[in-house]
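Enquirer: When you line the sequence shown up against mature numbering (1 follows the signal peptide of the UniProt record, and there is no 0), it's residues -27 to -1, 1 to 292, in that order.
Starting off with a structure, shown below.
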Amino acid sequence: MSGGSIRSARVCCIVVIVAILCLPVFTDSSVRNNPCANFQPPSDAAALSIYCVDSNGCCNFSCVQSAVDAIPENSLTRSVVWINSGTYIEKVTVNFSKPNVTFQGQGFESTIIVWNNSAKNTGTFYSATVDVFATGFVTNNISFKNASPAPKPGDRDGQAVAIRVSGSIDFIFGNGRSFYEKCILNSVATSDGINGAICAQGREYAADDTGFAFVNCRITGSGLILLGRAWRPYSRVVFAHTDMPGIIVPEGWSDWDDPQRDATMFYGEYMCTGVGANMTGRVPYAKPLTEQQAQIYLDASYVDADGWLKPFNDSLIVN
């Protein structure tokens, strides 16, 4: 990714390294003796569509990637990767051939996937901790974390693409159509100047049916950051019913230092709260939306055009 004053990044892990990192590490003697003594498997573990992951070896898989690899290619039914509490130090990729996959964690504070790529060593496109190229992907109760060191102001190639979602420079980016509901968007940027953005949406053409919608989310953390930057000319992002603290700078958005994009991109805000939601100082192309204008972005139907997204419930079995 290039342009503006900030650049970005992602990398594939070597299989041998991942295998080593995913080995269980025991510190408590009682747990060492029998780490699976109190293990509670997922309620629907007998179903063929459930792939159970546990870092202590209490499931069929100890790494998330190995569970993803075991899913049949081009399956028309949903496959649930049930991930037990723990920190999984690995790069995870869900390729095009693995549609209809759900990652089911046990809570965003207890199930964490972490890796440390940045633009400097992999380029932006491959810097994410979890890469999803397949359609129909759903994730719930899990954190994806990028542990790459936060860049200093003015650093080039410092972006690290990381849902809780945490990062500093464009930590959610791409040209997909995605819906983020009740997410914590946590900034770790520094406060010496504008040093980050929540997202960089890459809608390139007017005909592209893509964009990001953030609904009932909460922005937290540090720094002075933008809501988003126009990675491509027709960038489209909407924030609705989202709490925005003072770390959101008054201008709110950036056209990536290309004023020609001001007339083509779509940046909307609807019924947001907090000091950072004050639109008085917003850039001219930021749009305060009416209820009618915001309606199509307010629920999962925004990404449900093909009917793949099933409502979440406590059962792991998805019809």
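In this text, a Cβ means the ideal position worked out from N, Cα and C, and glycines have one as well.
Have a look at ARG234 and ASN11 and give me their C-alpha separation to the nearest angstrom.
Expert: The alpha-carbon atoms of ARG234 and ASN11 are separated by roughly 56 Å.
Enquirer: Between the alpha carbons of GLU242 and ILE198, how many angstroms are there, rounded?
Expert: Their backbone Cα atoms lie some 16 Å apart in a straight line.
Enquirer: Skipping 5 residues on each side, what residues in its chain have a beta carbon closer than 6 Å to that of ASP181?
Expert: Counting only Cβ-Cβ distances below 6 Å, and skipping sequence neighbours, we find nothing.
Enquirer: Taking its Cβ as the centre, do 16 or more other Cβ atoms sit within 10 Å of VAL(-13), making it buried, or is it exposed?
Expert: Per-residue confidence for VAL(-13) stands at a pLDDT of 28, beneath the threshold of 50, marking its modelled position as unreliable; the derived number appears in the next sentence. Result: exposed.
Enquirer: As a quick exercise: from THR163, LEU200, CYS190, GLY80, pick the residue whose alpha carbon is nearest that of ALA146.
Expert: Correcting the residue type first, residue 146 is Phe in the shown sequence and not Ala. Of the candidates THR163, LEU200, CYS190, GLY80, the one whose C-alpha sits nearest the C-alpha of PHE146 is LEU200.
Enquirer: If we ignore side chains and look at the alpha-carbon of each, how far apart do ALA278 and PHE69 end up?
Expert: Reliability fails at ALA278, whose pLDDT of 49 lies under 50, so the model's placement of it is uncertain and no value is given.
Enquirer: Just the Cα atoms here: how many angstroms apart are THR66 and GLY194?
Expert: Rounded to whole angstroms, THR66 to GLY194 spans 27 Å at the Cα level.
Enquirer: Would you say the beta carbon of ASN251 is closer than 8 Å to some non-hydrogen atom of the ligand NAD?
Expert: Although the ligand NAD was asked about, the structure shown includes no ligands whatsoever.
Enquirer: Looking only at C-alpha atoms, which of ASN189, THR237, VAL211, GLU224 sits nearest to ARG205?
Expert: Minimum Cα distance to ARG205 is reached at THR237.
Enquirer: Could you check what DSSP says for SER274 in three-state terms: helix, strand or coil?
Expert: Three-state DSSP puts SER274 in a helix.
Enquirer: Assign CYS32 to one of two classes, buried (16 or more other C-beta atoms within 10 Å of its C-beta) or exposed (fewer than that).
Expert: Flag for CYS32 reads buried.
Enquirer: Tell me whether PRO232 sits in a helix, a strand or coil according to DSSP, three-state version.
Expert: It is helical.
Enquirer: Could you tell me whether the Cβ atoms of PHE152 and ILE115 are closer together than 9 Å?
Expert: Not closer than 9 Å, so no.
Enquirer: Count the other CB atoms within 10 Å of the CB of LYS71; is the residue buried (16 or more) or exposed (fewer)?
Expert: The residue in question, LYS71, is buried, as its Cβ has 16 or more Cβ neighbours within 10 Å.
Enquirer: If you check the beta carbons only, do GLY59 and ILE85 fall under 9 Å apart?
Expert: Yes, Cβ-Cβ distance for GLY59 and ILE85 is below 9 Å.
Enquirer: Using only CA atoms, which one of ALA162, ALA203, ASP165 lies nearest to ARG176?
Expert: Here the closest residue by C-alpha is ALA203.
Enquirer: If residue 318 sits next to VAL256, beta carbons under 8 Å apart, how far is it from one beta carbon to the other, in whole angstroms?
Expert: Given a span of -27 to 292 for the chain in the structure shown, any question on residue 318 remains unanswerable.
Enquirer: Looking at the structure shown, is VAL210 part of a helix, part of a strand, or coil, going by DSSP?
Expert: Strand.
Enquirer: Apart from the five residues on each side of it in sequence, which residues of its chain come closer than 6 Å, Cβ to Cβ, to SER(-23)?
Expert: With a pLDDT of 39 at SER(-23), under the threshold of 50, the modelled position of that residue is not reliable, and the figure given next carries that caveat. So no residue of the chain qualifies.
Enquirer: Would you call ASP230 buried or exposed, if buried means 16 or more other Cβ atoms sit within 10 Å of its Cβ?
Expert: It is exposed - the Cβ of ASP230 has fewer than 16 other Cβ atoms within 10 Å.
Enquirer: Span of the beta strand (DSSP E) holding GLN77?
Expert: 74 to 77 is the extent of the beta strand (DSSP E) around GLN77.
Enquirer: If you follow the beta strand (DSSP E) that SER151 is in, where does it begin and where does it stop?
Expert: Here the beta strand (DSSP E) through SER151 covers 150 to 154.
Enquirer: Alpha carbons only, please: which of ALA162, GLY249, VAL74, GLY196 is nearest the one belonging to ASN47?
Expert: Ranking the options by Cα distance to ASN47, first place goes to VAL74.
Enquirer: Nearest by alpha-carbon distance to GLN79: which of LEU262, VAL111, THR50, ILE56 is it?
Expert: Per the Cα distances, ILE56.
Enquirer: For GLN268, name the three-state secondary structure that DSSP assigns.
Expert: GLN268 falls in the helix class under three-state DSSP.
Enquirer: Look up CYS172 in the DSSP assignment and give the residues it is bridged to.
Expert: Looking at the DSSP assignment, CYS172 forms a beta bridge with ILE145, GLY201.
Enquirer: Taking the beta strand (DSSP E) that SER39 falls in, what are its first and last residues?
Expert: Not the beta strand (DSSP E): SER39 falls in the alpha helix (DSSP H), residues 37 to 43.
Enquirer: Assign PHE187 to one of two classes, buried (16 or more other C-beta atoms within 10 Å of its C-beta) or exposed (fewer than that).
Expert: Buried, by the Cβ-count rule.
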